[in-house]
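Chemist:
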Amino acid sequence: AAESIGSLYKGKHTGTFGKVGVISFNGNKTITTGGGGMLLFQDEELGKFAKHVTTQAKVPHRWEFVHDHIGYNYRMPNINAALGCAQLEQLDGFLKNKRETAEAYKKFFAGRSDIEFFTEPKDCQSNYWLNAVIMNDKQAQLDFLTYTNDHGMMTRPIWELMNRLPMFKDCQTDGLKNTEWFADRVVNIPSSVRLHG
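Residue numbering for the sequence shown follows the working numbering, beginning at 28 and increasing consecutively.
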């Protein structure tokens with residue numbers, strides 16, 4: 028659920044379905060702290076353990092520095108957390124603006140046979156973190172990317188598939204025809220919270 032803060036499935040927030048959920052606050056997310064994120068736990072003990080090991084696993088003591096596990100320094104600095112808290116107060120407005128942007132795109136691309144705008148599946152409420160369109164084929168994708176970027180609108184394809192990255196070239200992969208089909212057709216389009224509102 029890294030990028031899906033504010034999204035719902037059957038009325039339930041994403042990131043709350045399993046034992047652990049993860050929300051990203053990276054610079055390109057709906058709420059940003061410049062980096063870092065948030066862990067969500069159903070199990071309070073598991074949450075306490077995660078907090079312990081992500082704050083150096085130091086055993087509480089007035090003067091001794093003893094660590095009972097391998098610890099990490101993953102605690103978000105206070106200034107970044109304050110930025111996130113301030114944005115959390117604006118989340119409803121951000122989501123409203125993103126929904127308005129998505130509705131404008133939906134109307135703009137309606138009725139076209141060469142471009143399809145991604146919309147919400149049944150029982151889902153998207154936060155529209157990243158809007159995208161599907162082109163008819165790879166050449167149409169390249170033409171769209173070239174035209175929009177040449178005219179000052181930053182668009183991009185989806186992330187490079189992991190099995191195509193050099194460091195994973197020797198790893199086992201199974202048939203990925205559906206994934207490859209989308210990779211050759213999807214274009215991510217501007218989705219900033221500032222496009223509407």
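Even glycine gets a Cβ: it sits at the ideal position worked out from N, Cα and C. The model shown is predicted, which means the values in this text are computed figures rather than measured ones.
Using 10 angstroms around the beta-carbon of GLN168, count the other beta-carbons present and answer buried if the total reaches 16, otherwise exposed.
Modeler: With 16 or more other Cβ atoms within 10 Å, it is buried.
Chemist: So, at 6 Å on beta carbons, what are the nonlocal neighbours of ASN163 in its own chain, with the 5 sequence-adjacent residues on each side left out?
Modeler: If we look at ASN163 and ignore the five residues flanking it on each side, its Cβ neighbours are ASP141.
Chemist: Please go through the same chain and pick out, in chain order, the residues whose beta-carbon is closer than 6 Å to the beta-carbon of PHE144, but skip the five residues on each side of it.
Modeler: Once the five neighbours on either side are set aside, the close Cβ partners of PHE144 are TYR132, LYS133, PHE136, VAL160.
Chemist: Classify THR82 as helix, strand or coil using the three-state DSSP reduction.
Modeler: Three-state result, THR82: strand.
Chemist: Within a Cβ cutoff of 7 Å, which residues of the same chain sit near GLU130, ignoring the five residues on either side of it in sequence?
Modeler: Correct list: empty, nothing qualifies.
Chemist: For the beta strand (DSSP E) that contains PHE195, what are its first and last residues?
Modeler: Neither: PHE195 is in no beta strand (DSSP E) and is coded neither H nor E.
Chemist: Kindly indicate which residue of TYR99, LEU157, ASN205, THR82 has the alpha-carbon position closest to the one of GLY33.
Modeler: Minimum Cα distance to GLY33 is reached at LEU157.
Chemist: List in chain order: all unbroken alpha helix (DSSP H) runs of 4+ residues lying wholly within the stretch 114-178.
Modeler: Runs of the alpha helix (DSSP H) inside the stretch 114-178: 118-136, 165-177.
Chemist: Within this structure, are the beta carbons of LEU35 and GLN152 separated by less than 8 Å?
Modeler: Closer than 8 Å, so yes.
Chemist: When burial is assigned at 16 or more other CB atoms within 10 Å of the CB, is LEU13 buried or exposed?
Modeler: A question about residue 13 goes unanswered here, because the residues of the chain that appear run from 28 up to 224.
Chemist: Relative to the C-alpha of GLN166, which residue among GLU187, GLY45, ASP197, ARG212 is closest?
Modeler: Here the closest residue by C-alpha is ARG212.
Chemist: Whose C-alpha, out of THR81, ASN107, ARG221, is nearest the C-alpha of ASP95?
Modeler: The residue with the shortest Cα to Cα distance from ASP95 is THR81.
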